[in-house]
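With my numbering applied, the sequence shown has no gaps in its numbers, which climb one by one up to 103 at the end.
Backbone N, C-alpha and C fix where the C-beta goes; we use that ideal spot for every residue, glycine too.
Taking it in order: structure first as structure tokens, then the write-up.
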Amino acid sequence: DKTGALALDVVLLLVLVPHWGIEGAAIAWAVTIVVDTAVVGYQVQVLMGVRPPWGPILWAAALPVVVVLVPSVLVAATWGTGASVAAATTAALAVAYLAAGALLRRRLGLLDLLRLRGA
């Protein structure tokens, strides 16, 4: 599956980078990560018969979208992408992300991970 992910990334880079530059590279990387994760999820569930706990996984996937991506897009659309705006946004969203992670630690399965670590 990693060979397929690498091939997908190279193809996407060849298609997207000439048109969109670094943004195209970021999109190629993100798409490759999502596809690779989906393939690994399929392999684990279907081929190996292991059923992961979907609740914490979905919360962990939604958290950066809701707390980082959406506010970042709104800030960029409202105030632009200058260095000071980017720095302030990054600082504010880092605090918000850490706070949200702390508040949602049970739903994210973080407490279960701590218990497993201590075992």
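Under 8 Å between C-beta atoms of Q29 and R35: Taking 8 Å as the Cβ cut-off, Q29 and R35 qualify as a contacting pair.
Alpha-carbon to alpha-carbon, P40 and A80: A80 and P40 have their C-alpha atoms roughly 19 Å apart.
Distance CB(V51)-CB(L77) smaller than 8 Å: The answer is yes: Cβ separation under 8 Å.
Residue range of the unbroken alpha helix (DSSP H) whose run includes P48: From DSSP, the alpha helix (DSSP H) with P48 extends over W38 to P48.
Buried or exposed by the 16-neighbour rule on C-beta atoms within 10 Å, applied to T62: Flag for T62 reads exposed.
V23 (DSSP reduced to helix, strand or coil): In the three-state reduction of the DSSP assignment, V23 falls in the helix class.
For L(-3) and A9, believed in contact at Cβ under 8 Å, the rounded distance: 6 Å between Cβ atoms; contact.
Ranges of the alpha helix (DSSP H) found wholly within the stretch 43 to 94, counting only runs of at least 4: Segments of the alpha helix (DSSP H) lying fully in the stretch 43 to 94: 54 to 63 and 67 to 87.
Helix, strand or coil at G(-12) [DSSP, three-state]: Correct three-state label for G(-12): helix.
Near the ligand FAD: A80 beta-carbon under 7 Å from a heavy atom: Ligands displayed in this structure: none; no statement on the ligand FAD is therefore possible.
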